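Peer 1: Dumping the structure here so I can ask a few things about it.
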Amino acid sequence: MFIVEEPTWAIILCLVTMLCWGSWGNGQKWVTQSAPLYIFYRDYVYGIAGSALMLAFTLGTLGDEGRPLLEDIRQAEITNLLLALAAGIIFNLGNTLLTVGINQAGLSIAMPVGTGLSLALGLVVNHIAEPSGNLPLLAAGGGVVLVAIALSALAYRAKEKEEEDDEESSSGKNRGVWIALSGGLALGFFFVIVSSAMSKELASPEAGLLTPYSGFLFFALGILISNPGIEWLVRHFKISDEDDETKYGEVPARQHAVGLASGVLWGVGMIALFLGSPEAGDAVSYGLSQGATIVSVLWGLFAWAEFEGAPKKANRFLWFMGIAYVAGLALIILARA
Numbered sequence: 012m013f014i015v016e017e018p019t020w021a022i023i024l025c026l027v028t029m030l031c032w033g034s035w036g037n038g039q040k041w042v043t044q045s046a047p048l049y050i051f052y053r054d055y056v057y058g059i060a061g062s063a064l065m066l067a068f069t070l071g072t073l074g075d076e077g078r079p080l081l082e083d084i085r086q087a088e089i090t091n092l093l094l095a096l097a098a099g100i101i102f103n104l105g106n107t108l109l110t111v112g113i114n115q116a117g118l119s120i121a122m123p124v125g126t127g128l129s130l131a132l133g134l135v136v137n138h139i140a141e142p143s144g145n146l147p148l149l150a151a152g153g154g155v156v157l158v159a160i161a162l163s164a165l166a167y168r169a170k171e172k173e174e175e176d177d178e179e180s181s182s183g184k185n186r187g188v189w190i191a192l193s194g195g196l197a198l199g200f201f202f203v204i205v206s207s208a209m210s211k212e213l214a215s216p217e218a219g220l221l222t223p224y225s226g227f228l229f230f231a232l233g234i235l236i237s238n239p240g241i242e243w244l245v246r247h248f249k250i251s252d253e254d255d256e257t258k259y260g261e262v263p264a265r266q267h268a269v270g271l272a273s274g275v276l277w278g279v280g281m282i283a284l285f286l287g288s289p290e291a292g293d294a295v296s297y298g299l300s301q302g303a304t305i306v307s308v309l310w311g312l313f314a315w316a317e318f319e320g321a322p323k324k325a326n327r328f329l330w331f332m333g334i335a336y337v338a339g340l341a342l343i344i345l346a347r348a
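For the sequence shown, our numbering assigns the number 12 to the initial residue and increments by one for each residue that follows.
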């Protein structure tokens, strides 16, 4: 299988993760202008599954390093296969809620709120599972990230006060923030679960554990098999506030292609993180991947003009949020170094 053994290339892969994870939400913003959210998300899931399958039978099979894909699956313990599947299901639940939050509150608010909470929670969960790093600095970094979340909420509230939305619309957007937070709550657990099933040594992986390609394949399978049930729950309980009954086949191919591309983009980011983290180190890889939030905020501000016409107070809160988030990531990197 293909692996990375040069630290420089490993860091580049972590930067790829940051850009991919911070950019896939643009596809959602574009598609949902004319199609229901569930159609975008279904294509997004197909894109993740397709990228996992494609990578597994190309980069995961070629080369002389590590274990080839099929051999890796055959030797894996059933517990580790099930852990990867479970991580995919948990991720899908959290990410579905995050996309609903983005749809209602916007990319520049819902993404930092949801992923910020998942980052803070992930710090706690990962430290309990594998204690490492400077605990006071980790706690300080997590605390600053929580401050960034609070600043995001203040920016959103200041923006809403200046808009002439009706009460029902404003209530729906506020609910989007809470939905994004609930998504972040679930997203804080998926990575520690899937990483516990995977080998840290890629050139000579331990017996019974998974390698990046097999781990990602079963993770994506968990997303795929859970999506019909999660989609039904979201629509049944009207979490997304969408009454559009557009059929999947009624949406133009261009919208489907953008949804698929968004999933492929996320999947490329995931495998890049799996491949880069062993050589780049936990501190660098973790910090760079979580920088995706800043990328998404910049997309929301400049590409989608989500705060156009907002009062200066709202923009100040938003920029303070960005500064706090970067400061929190810096403390986390220092703590894990």
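Virtual Cβ for every residue (Gly too), placed ideally from N, Cα, C.
Here the structure is a predicted model, which means the values were calculated and not measured.
Which residues in the same chain as SER300 place their Cβ atom closer than 7 Å to its Cβ, once the five residues preceding and following it in sequence are excluded?
Peer 2: Here the question's residue 300 lines up with position 289 in the sequence shown. Only CYS25, THR28, MET29, TRP32 and LEU284 meet the Cβ criterion.
Peer 1: Going by beta-carbon coordinates alone, are GLY187 and GLY117 separated by less than 9 Å?
Peer 2: Here residue 187 corresponds to residue number 176 of the sequence shown, with the count starting at 1. Here residue 117 corresponds to residue number 106 of the sequence shown, with the count starting at 1. Their beta carbons are under 9 Å apart, which means GLY187 touches GLY117 by this criterion.
Peer 1: Taking only runs of the alpha helix (DSSP H) that begin and end inside the segment 238 to 299, which ones reach a length of at least 4 residues, in chain order?
Peer 2: 264 to 291
Peer 1: Whether or not the segment 54 to 64 and the segment 310 to 317 are in contact is what I'm after, with contact meaning three or more pairs of Cβ atoms, one per stretch, closer than 8 Å; do they touch?
Peer 2: no
Peer 1: Is any beta-carbon of chain B found at less than 9 Å from that of GLU242?
Peer 2: Looking at the structure shown, chain B is missing, and only one protein chain is on hand.
Peer 1: Runs of 3 residues minimum, wholly inside the segment 20 to 81: which ones carry the beta strand (DSSP E) assignment?
Peer 2: none
Peer 1: Spatial neighbours of GLU290 within its chain, please: CB distance less than 8 Å, with the 5 preceding and 5 following residues excluded, ordered by chain position.
Peer 2: Locating residue 290 in the sequence shown gives position 279, counting from the first residue. Around GLU290: VAL15, GLU16, GLU17, PRO18, TRP20 and ALA21.
Peer 1: Is ASN37 near the ligand COA, in the sense that its beta carbon is under 8 Å from a heavy atom of that ligand?
Peer 2: In the structure shown, the ligand COA is absent, as is every other ligand, since no ligand is present at all.
Peer 1: Please determine, among ILE100, ASN37, GLY302 and VAL279, the residue with the shortest C-alpha to C-alpha distance to ASN114.
Peer 2: Counting from one through the sequence shown, the residue named residue 114 turns up at place 103. Here the closest residue by C-alpha is ASN37.
Peer 1: Run the CB neighbour count on SER288, radius 10 Å, all protein chains shown included, and call it buried at 16 or more, exposed below.
Peer 2: To locate residue 288, count along the sequence shown from 1; it is residue 277. Buried, by the Cβ-count rule.
Peer 1: Mark ALA243 as exposed unless 16 or more other C-beta atoms lie within 10 angstroms of its C-beta, in which case mark it buried.
Peer 2: Within the sequence shown, numbered from 1, the residue matching residue 243 stands at position 232. The sequence given here places Trp at residue 243; Ala does not occur at that position. It counts as exposed.
Peer 1: Within its chain, find whatever has a CB closer than 7 Å to the CB of ALA98; leave out the 5 residues flanking it on each side and keep chain order.
Peer 2: Taking the first residue of the sequence shown as 1, we reach residue 98 at position 87. When the five nearest sequence neighbours on each side are left out, the beta carbons in the same chain lying within less than 7 Å of the beta carbon of ALA98 are those of PHE201, ILE204, VAL205, PHE230 and GLY233, in order along the chain.
Peer 1: Just reading off the alpha helix (DSSP H) that TRP330 is part of, what are its end residues?
Peer 2: As a working note, residue 330 is residue 319 in the sequence shown. TRP330 -> alpha helix (DSSP H) spans 323 to 347.
Peer 1: Cutting at 7 Å between CB atoms, please list the residues of its own chain near ILE101, excluding the five before and the five after it.
Peer 2: Within the sequence shown, numbered from 1, the residue matching residue 101 stands at position 90. The answer, listed in chain order, is ALA197, PHE200, PHE201 and ILE204.
Peer 1: Where do the N-terminal and C-terminal ends of the alpha helix (DSSP H) with PHE313 fall, by residue?
Peer 2: Locating residue 313 in the sequence shown gives position 302, counting from the first residue. Looking at the DSSP string, PHE313 is not in any alpha helix (DSSP H), and its letter there is neither H nor E.
Peer 1: Starting from the C-beta of ASP83, find all residues in its chain whose C-beta is less than 6 Å away, skip the five residues before and the five after it, and write them out in chain order.
Peer 2: One-based indexing of the sequence shown puts residue 83 at position 72. Hits under 6 Å: THR222 and SER225.
Peer 1: Check whether the Cβ atoms of PRO216 and SER163 sit closer than 9 Å, and answer yes or no.
Peer 2: Looking up residue 216 in the sequence shown gives position 205. Looking up residue 163 in the sequence shown gives position 152. Going by C-beta atoms, PRO216 is not nearer than 9 Å to SER163.
Peer 1: Closer than 7 Å by C-beta to ALA272: which residues in its own chain qualify, once you throw out the five before and the five after it? Chain order, please.
Peer 2: The residue given as residue 272 occupies position 261 in the sequence shown. Closer than 7 Å at the Cβ level, and outside the excluded window around ALA272, lie GLY38 and GLY58.
Peer 1: Indicate the three-state DSSP secondary structure (helix, strand or coil) for MET209 in the structure shown.
Peer 2: To locate residue 209, count along the sequence shown from 1; it is residue 198. Here MET209 sits in strand by DSSP.
Peer 1: Mind reading off the beta-carbon distance from GLU253 to PRO47? Whole number of angstroms is fine, and I expect it under 8 Å.
Peer 2: For the purposes of this step, residue 253 is taken as the residue at position 242 of the sequence shown. For the purposes of this step, residue 47 is taken as the residue at position 36 of the sequence shown. Right, the Cβ-Cβ distance comes to about 5 Å (below 8 Å), so this counts as a contact.
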